[in-house]
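Just so you know, we're using numbering that gives the first Met the number 0 here: the sequence shown kicks off at 0 and counts up by one.
Working notes for the structure below.
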Amino acid sequence: MKSNIKVVTENFRAIGHAAIQINGITVVAGENSSGKSTISKLLYELFNTVSNYEILVKEELMREFSKLFQFFEIVYTDSKGILNRKEYSKIVDLSYEYNYKNKSFEEINDLLSLFLSEIYSKIDVTKSSRYNYIVSNILGDEIDNTLENITSFINQKIKKAIDKVHSRPISLFTEKLLNVFRDENLPKSFEVLEEKEVIVSLEKPTLSIPFSVQKAIYIDSPMSLGAGSSSNKHWSDLAKFIFFEDKNRSDFHNNDIYTSISKNIKGEAVKFTLGTLSTLTFLREDGKEFNLTEVATGIKAFSIIQLLLKNGHIDNRTLLIIDEPESHLHPQWIVEYARMIVLLHKHIGVKFFLASHNPDMVSAIRYIAEKEGVLDNVNYYLAEKAEGEAYLYNYIPLGSDISPIFKSFNIAIERISQYSIDSDNEDDDL
Numbered sequence: 000m001k002s003n004i005k006v007v008t009e010n011f012r013a014i015g016h017a018a019i020q021i022n023g024i025t026v027v028a029g030e031n032s033s034g035k036s037t038i039s040k041l042l043y044e045l046f047n048t049v050s051n052y053e054i055l056v057k058e059e060l061m062r063e064f065s066k067l068f069q070f071f072e073i074v075y076t077d078s079k080g081i082l083n084r085k086e087y088s089k090i091v092d093l094s095y096e097y098n099y100k101n102k103s104f105e106e107i108n109d110l111l112s113l114f115l116s117e118i119y120s121k122i123d124v125t126k127s128s129r130y131n132y133i134v135s136n137i138l139g140d141e142i143d144n145t146l147e148n149i150t151s152f153i154n155q156k157i158k159k160a161i162d163k164v165h166s167r168p169i170s171l172f173t174e175k176l177l178n179v180f181r182d183e184n185l186p187k188s189f190e191v192l193e194e195k196e197v198i199v200s201l202e203k204p205t206l207s208i209p210f211s212v213q214k215a216i217y218i219d220s221p222m223s224l225g226a227g228s229s230s231n232k233h234w235s236d237l238a239k240f241i242f243f244e245d246k247n248r249s250d251f252h253n254n255d256i257y258t259s260i261s262k263n264i265k266g267e268a269v270k271f272t273l274g275t276l277s278t279l280t281f282l283r284e285d286g287k288e289f290n291l292t293e294v295a296t297g298i299k300a301f302s303i304i305q306l307l308l309k310n311g312h313i314d315n316r317t318l319l320i321i322d323e324p325e326s327h328l329h330p331q332w333i334v335e336y337a338r339m340i341v342l343l344h345k346h347i348g349v350k351f352f353l354a355s356h357n358p359d360m361v362s363a364i365r366y367i368a369e370k371e372g373v374l375d376n377v378n379y380y381l382a383e384k385a386e387g388e389a390y391l392y393n394y395i396p397l398g399s400d401i402s403p404i405f406k407s408f409n410i411a412i413e414r415i416s417q418y419s420i421d422s423d424n425e426d427d428d429l
């Protein structure tokens with residue numbers, strides 16, 4: 000059964016009005032600075048927030064405990080072996096996302112409280128002016144350095160986090176928008192409908208959970224593979240999907256699509272692990288190996304999808320958001336990439352949101368989808384300038400009709416003709 004999600008937003012940055020259907024393969028086209036990437040980021044932050052609400056609240060909690068972790072580290076280092084090393088290792092492990100995200104709030108509370116009790120039972124921290132200063136910095140100047148007060152601080156923070164997960168206030172989403180767009184203004188209107196019922200709205204105090212989309216993955220550049228530690232949060236999120244398997248995934252069963260990708264790029268992306276270090280390698284079909292960060296960007300683009308498939312992160316509740324999927328691809332590979340998108344939707348049910356400038360990508364999606372019998376699940380939109388506005392664009396729904404998009408592409412041909420030799424000759428005649 001085809002899902003039916005619609006995202007509606009108005010008056011945000013370059014977007015005048017957009018009502019975008021997410022139920023298959025959605026393609027938006029338009030000139031530069033028309034708001035396409037803004038929609039991509041809105042979709043990503045929306046579905047990333049609603050699907051990972053508890054993990055995001057835990058991230059907030061760990062940030063609030065950052066000074067407490069520093070206190071633990073200082074006391075343990077000063078203790079010269081008095082404190083239990085194994086118990087301290089559990090605290091260090093707890094500070095990493097891959098550990099705390101899988102622990103309950105009760106488990107987090109128990110680990111912190113246990114180590115705190117050990118500190119206060121083995122070390123008289125209240126006699127140290129330095130420790131008193133650190134604790135007052137954590138608790139506030141008016142609160143004494145006692146085991147009971149720090150325990151109460153931990154309990155209150157964790158209770159607040161649990162309450163937030165249960166109530167799911169929309170503030171977590173709006174705070175992320177303000178942070179991502181570095182803007183003081185939110186969209187004038189923003190709402191998400193599933194089966195025609197509003198599940199998210201800036202007018203509602205809480206966030207509902209969508210059924211049709213449980214995971215969003217955002218790819219805006221193949222270069223993210225070589226980015227390492229990045230200030231782009233979605234690059235860091237993508238790296239986690241690429242390096243780590245989904246523990247809850249079903250058996251890898253997308254062999255046909257995976258094999259097709261390998262055939263196109265004449266090899267496959269492989270993760271090698273040595274101890275705690277992992278590297279990504281491109282294993283060419285002739286047996287030669289290359290660091291994946293150093294291969295052609297076109298190979299990187301296909302390799303990202305390969306790794307997402309292999310690690311079990313792509314299924315029928317995944318929304319894959321790709322800005323300019325044609326970037327760095329040879330025209331022949333553009334067609335193959337479009338075919339891969341269509342097949343991922345047809346055989347697995349992956350949903351796509353694509354922002355494209357390329358006529359080959361736009362037409363390949365359309366005609367391959369028709370051949371594969373999924374054209375009814377393809378929706379095109381064209382960003383057109385709002386009447387009387389220089390910088391606002393409305394997104395016009397086109398269904399599967401791509402002719403208006405090609406008319407907009409023809410503007411570029413007209414622009415070229417303005418600077419052609421014939422045009423120069425005409426100017427000379429004047």
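Note that CB positions come from ideal geometry on N, CA and C, so glycine has one too.
From a predicted model like this one, the values you see are computed outputs, not experimental measurements.
Sequence-distant partners of Phe-114 (beyond 5 residues in either direction) whose C-beta falls short of 6 Å from its own C-beta, in its chain, are Glu-86 and Ile-90. For Gln-69, the uninterrupted alpha helix (DSSP H) segment begins and ends at 65 to 77. Distance between Phe-152 and Leu-138, taken at the CA atoms: about 7 Å. The residues Ile-118, in chain order, have a CB closer than 6 Å to that of Val-74 in the same chain once the five nearest residues on each side in sequence are set aside.
DSSP, reduced to helix, strand and coil, places Tyr-336 within a helical segment of the structure shown. Note: Pro-204 is not bridge-paired with any residue in the DSSP secondary-structure output. In the DSSP annotation of this structure, the continuous segment of the beta strand (DSSP E) that includes Asp-322 starts and ends at 317 to 322. Straight through space, the alpha carbons of Glu-335 and His-329 are spaced by roughly 10 Å.
In chain order, Asn-144 place their CB closer than 6 Å to the CB of Val-134, counting only its own chain and leaving out the 5 sequence neighbours on each side. If you draw a straight line from the Cα of Ile-216 to the Cα of Phe-240, it is about 8 Å long. A residue is called buried when at least 16 other Cβ atoms come within 10 angstroms of its Cβ; Arg-338 meets this threshold and is buried.
In this structure, the CA atom of Ala-300 is about 5 Å from the CA atom of Pro-221. Beyond the five residues adjoining it in sequence on each side, Lys-121 comes within less than 6 Å, by CB distance, of Ile-81 in the same chain, given in chain order.
Where Pro-358 is concerned, the enclosing alpha helix (DSSP H) starts and stops at 358 to 370.
Here the alpha carbons of Leu-201 and Phe-11 stand approximately 13 Å from one another. Runs of the alpha helix (DSSP H) spanning 4 or more residues and lying entirely within the stretch 42 to 129 occur at 52 to 63, 65 to 77, 84 to 93, 96 to 99 and 104 to 121, in chain order.
Collapsing the DSSP output to three states places Leu-138 in a helix. In the structure shown, Glu-30 adopts coil according to DSSP, grouped into three states. Counting only residues of its own chain and dropping the five nearest sequence neighbours on each side, Ser-326 has no CB closer than 6 Å to any other CB. Partner residues in the beta bridge of Tyr-217, as assigned by DSSP, are Ile-320. Taking Met-61 as the centre and dropping the five residues before and after it, the same chain places the C-beta of Ser-94 and Tyr-99 closer than 7 Å to its C-beta, in chain order.
Restricting attention to Thr-8, Ile-169 and Ser-78, the CA atom closest to the CA of Thr-48 is found in Ile-169. Tyr-418 sits in coil when the DSSP states are folded into three classes, being neither helix nor strand.
For Ala-300, the enclosing alpha helix (DSSP H) starts and ends at 296 to 309. In the DSSP assignment, Leu-237 falls within the alpha helix (DSSP H) that extends over 232 to 242. If you look at Lys-163, you'll find it in the alpha helix (DSSP H) that goes 146 to 166. A distance below 7 Å between beta-carbons, with the five flanking residues on each side excluded, links Ser-399 to the following residues of its chain, in chain order: Arg-365, Leu-374, Val-377 and Tyr-379. Pairing His-233 with Tyr-43 gives a Cβ-Cβ distance under 7 Å.
Pairwise C-beta distances place the stretch 24 to 34 in contact with the stretch 337 to 352, as three or more of them are shorter than 8 Å. Shown here, Ile-264 sits in a helix according to DSSP, grouped into three states.
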